[in-house]
Amino acid sequence: MTKPELDYRSKALAIARGLYPHQVEGVAFLMGRRRAILADDMGLGKTRQAIVAVTHEATQGPYLVVCPASVKRNWGREIGFVCPYPDICIVGPGDMPDSEWKGWVIINYDLLKRHKEALTLFPWQAIIFDEAHYLKNHTSQRSRLGRSLVEECPGNPLVYCLTGTPMMNRPRDLFVLLQVVGHSMGRSFITYAKRYCDAFQNEYGWVTDGASNLKELALELQGVLLRRAKEDVLELPPKLRTWLDVDVPPNTAQKETEEALAILLQGQRRER
Numbered sequence: 005m006t007k008p009e010l011d012y013r014s015k016a017l018a019i020a021r022g023l024y025p026h027q028v029e030g031v032a033f034l035m036g037r038r039r040a041i042l043a044d045d046m047g048l049g050k051t052r053q054a055i056v057a058v059t060h061e062a063t064q065g066p067y068l069v070v071c072p073a074s075v076k077r078n079w080g081r082e083i084g085f086v087c088p089y090p091d092i093c094i095v096g097p098g099d100m101p102d103s104e105w106k107g108w109v110i111i112n113y114d115l116l117k118r119h120k121e122a123l124t125l126f127p128w129q130a131i132i133f134d135e136a137h138y139l140k141n142h143t144s145q146r147s148r149l150g151r152s153l154v155e156e157c158p159g160n161p162l163v164y165c166l167t168g169t170p171m172m173n174r175p176r177d178l179f180v181l182l183q184v185v186g187h188s189m190g191r192s193f194i195t196y197a198k199r200y201c202d203a204f205q206n207e208y209g210w211v212t213d214g215a216s217n218l219k220e221l222a223l224e225l226q227g228v229l230l231r232r233a234k235e236d237v238l239e240l241p242p243k244l245r246t247w248l249d250v251d252v253p254p255n256t257a258q259k260e261t262e263e264a265l266a267i268l269l270q271g272q273r274r275e276r
């Protein structure tokens with residue numbers, strides 16, 4: 005471990021209230037890099053690690069979290085555990101773009117297009133992409149919005165990509181994340197694909213869903229990506245069950261209720 009790494013580990017230990025040892029290491033990893041990918045297995049606490057690192061490296065805010073709609077409220081709850089009296093704005097489908105956002109702003113991927121202009125003009129001190137594999141298709145509108153959000157942001161924000169989805173067996177899915185965090189391997193998709201995706205051309209174009217030179221890729225990623233599997237973490241607590249609040253559109257809830265009622269009535273008829 006180098007001296008800078010030891011320094012960041014010491015800082016992480018100093019702020020490690022309630023963190024497990026592997027989370028302390030994760031916080032130190034993030035604090036030592038302005039842009040990074042945290043790819044721990046699900047259940048190892050990526051959300052908490054990112055919040056702790058961000059609030060100690062960019063103390064003033066504002067901070068932007070981009071995540072699936074289903075975990076927006078969970079992010080709000082986790083921020084409340086780490087930060088005393090935080091300002092939190094959870095952006096909903098009916099909300100208008102706001103030029104006076106402050107504190108923590110949490111928005112889901114599906115709303116990026118609507119709020120793009122306001123988001124790209126805002127001086128974010130940190131941008132977190134949760135479930136960052138949502139960006140994996142490098143030609144999709146979603147990935148273009150994610151990249152432009154980082155590229156057009158005034159200043160030099162911290163950028164952390166969080167994903168629990170293993171991507172090493174399909175290196176193509178890592179490319180956009182490397183672009184987002186500014187890694188040199190994210191400059192040219194074809195160059196990257198030829199080297200790490202076993203890419204070749206057929207009559208329809210480039211085929212890039214393979215894998216090649218994975219040991220070399222793993223070495224290249226060491227400075228920007230940290231991944232721990234559950235079996236590698238010895239200090240895990242017993243299973244913790246958490247309730248997640250999920251916003252369900254009224255028409256969806258009504259449809260599911262009607263379907264459940266129809267099944268129930270059908271069963272009652274059979275019993276007669």
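Just so we're aligned, residue 5 is where the sequence shown starts under the working numbering, counting upward by one. Ideal placement from N, C-alpha and C gives every residue a C-beta, glycine not left out.
Within the segment 101 to 182, the complete beta strand (DSSP E) runs of at least 3 residues fall at 108 to 112, 130 to 133 and 162 to 166. By the CB criterion at 7 Å, residue 66 and residue 128 fall inside the cutoff.
Taking C-beta atoms under 8 Å as the contact rule, residue 132 and residue 89 fail to qualify, at a distance of about 20 Å. By alpha-carbon distance to residue 135, the top candidate from 196, 142, 87 and 43 is 43.
For residue 217, the three-state secondary structure derived from DSSP is coil. Residue environment: residue 203 is assigned as buried (16 or more neighbouring CB atoms within 10 Å of its CB, all protein chains considered).
For the pair residue 148 and residue 219, the Cα-to-Cα distance works out to about 29 Å.
With fewer than 16 other CB atoms across the displayed protein chains lying within 10 angstroms of its CB, residue 160 is exposed.
The three-state reading of DSSP puts residue 64 in coil, since its state is none of H, G, I, E or B. Per DSSP, residue 209 lies in no alpha helix (DSSP H) segment; the continuous beta strand (DSSP E) that holds it begins and ends at 209 to 211. Counted as a single uninterrupted DSSP element, the beta strand (DSSP E) harbouring residue 205 occupies residues 204 to 206. Taking one beta carbon from each stretch, the segment 30 to 37 and the segment 49 to 63 have 3 or more pairs nearer than 8 Å; the two touch. Nearest C-alpha to residue 154 among 76, 182 and 167: 182. Proximity to residue 39 across 197, 236, 85 and 225 peaks at 225, based on C-alpha coordinates.
The C-alpha of residue 77 is placed about 11 Å away from the C-alpha of residue 84.
Taking residue 173 as reference, the option from 143, 210 and 217 with the minimal CA-CA separation is 217.
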